[in-house]
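In terms of the numbering used here, the sequence shown opens at residue 25 and continues consecutively. Where a beta carbon is used, it is the ideal one built from N, C-alpha and C, also for glycine. The model shown is predicted, which means the values in this text are computed figures rather than measured ones. Reading through the structure tokens given below for one structure.
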Amino acid sequence: MSRRPRARAEETPQTTPGFDVHLENFEGPFDLLLQLISRRELDVTRVALSQVTDEFIAHVRAAGDALGLEQTSSFLVVAATLLDLKAARLLPGGEVTEPEDLAALEARDLLFARLLQYRAFKQLAAWVEGTMATAGRQHWRPGGLEERFRGVLVQVELPIGPEDLVRLAARALTPKPAPVVQLTHLHGSRVSVVEQTGIVARLLAGKGQLTFRSLVAGCDRLTTVVRFLAILELFRAGRVSFEQAGPLAELSIRWSGGETTGIVVDEYEPEEQT
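As structure tokens, this is what we get:
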């Protein structure tokens, strides 16, 4: 004769409170039966689901209106899951090769998962209900500071008077002048193209022909660049010509004649600031 599992007290939400099952291999609350099946401590194929259903119908009739629709619906969901699970477990043992049998085994595992999920939701619902009931009995204590702490408060003394506050407010509300960018640190070029054009023209007019190296001898980098621009301006005005023996050879500038003054030179001259 098979030994019946003894009912163990666990804090698990009951699907149908007060509903006990009396079978040949189990006797106890219906929720404990679900726990044993979900933990695989009781084979679902050994459970007479028809007898469980008959006992539940008798329990519903005896309870009358006291049993709510939610509890009845929960039992039907679990009973349908157990029925599908039992049908899946009745497959023949041994090596499974048929696709239909493999699909049935997968369905059996899904049914176990559904049963565990149902149990988890029931436990969570019970926890939420208990938490809400506990929180409903908690109330905030409205009240001010206790007398024993009132004397501990430090008296804040400001060392300024109303006149000082007025001055500070006026200072804070006074519009600040817009920032001015000074241009005193900027200066124009000290080397003028116009000036260097006249110098180069006078040198070439006096010598007739000079090399570029001799024209920029002793000049800094900026003056060298400006004198090169001056030579280009003289060439554009037709006052000089170039001679060069070959690539990268010495460049000679020959004076072609004409006045050394009155040469039009393109140069940006900034307006004087007043």
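Local Cβ density within 10 Å of residue i, reported as buried at 16 or more and exposed below that
i       : result
Trp-279 : buried
Gln-147 : exposed
Ala-198 : The displayed chain sequence assigns Thr, not Ala, to residue 198. So Thr-198 ends up on the exposed side.
Gln-220 : buried
Val-176 : exposed
Ala-194 : exposed
Ile-184 : exposed
Arg-251 : buried
Per DSSP, the bridge partner or partners of residue i
i       : result
Ala-265 : A small fix is needed here, since residue 265 is Ser in this sequence, not Ala. According to DSSP, Ser-265 bridges with Arg-278.
Cα-Cα separation between residue i and residue j, rounded to whole angstroms
i       : j       : result
Glu-20  : Thr-248 : Absent from the model: residue 20. The displayed extent of the chain is 25 to 298, so no value can be given.
Arg-260 : Leu-246 : 21 Å
Thr-155 : Gln-141 : 21 Å
Ile-287 : Pro-201 : 48 Å
Ala-144 : Glu-153 : 14 Å
Ala-157 : Leu-169 : 30 Å
Gly-160 : Ala-149 : 16 Å
Leu-189 : Arg-165 : 40 Å
Phe-236 : Val-215 : 18 Å
Leu-239 : Lys-231 : 11 Å
Leu-182 : Leu-192 : 14 Å
Gly-262 : Leu-234 : 16 Å
Cys-243 : Leu-227 : 15 Å
Gln-179 : Glu-187 : 22 Å
Gly-282 : Leu-210 : 38 Å
Ala-196 : Gly-167 : 39 Å
Arg-304 : Trp-151 : As shown, the chain starts at 25 and ends at 298. That puts residue 304 outside it, with no answer to give.
Arg-32  : Arg-172 : Since pLDDT at Arg-32 reaches only 42, below the 50 mark, its modelled position is unreliable, and no value is offered.
Leu-272 : Ala-241 : 18 Å
Gly-270 : Pro-203 : 58 Å
Any C-beta of chain B under 7 Å from that of residue i
i       : result
Val-204 : Absent from the structure is chain B; it holds one protein chain and no more.
Residues of its chain near residue i, where Cβ-Cβ distance is below 8 Å and the 5 sequence neighbours each way are ignored
i       : result
Ser-265 : Phe-259, Ile-277, Arg-278, Ser-280
Val-205 : none
Same chain only: Cβ atoms within 6 Å of residue i, ignoring 5 sequence neighbours per side
i       : result
Glu-65  : Only weak support exists for where Glu-65 lies, its pLDDT of 47 falling under 50; the value from the coordinates is given anyway. Cβ within range, chain order: n/a, list empty.
Pro-268 : The residue asked about is misnamed: residue 268 is Gln in this sequence, not Pro. Hits under 6 Å: Leu-275.
Own chain residues within Cβ distance below 7 Å of residue i, not counting five before or after
i       : result
Ala-254 : Val-217, Gln-220, Thr-221, Val-224
His-163 : none
Query raised in the report: Where are the alpha helix (DSSP H) runs, 4 residues long or more, that stay fully inside the region 167 to 251, in chain order?
Result: 171 to 174, 186 to 197, 217 to 231, 236 to 239
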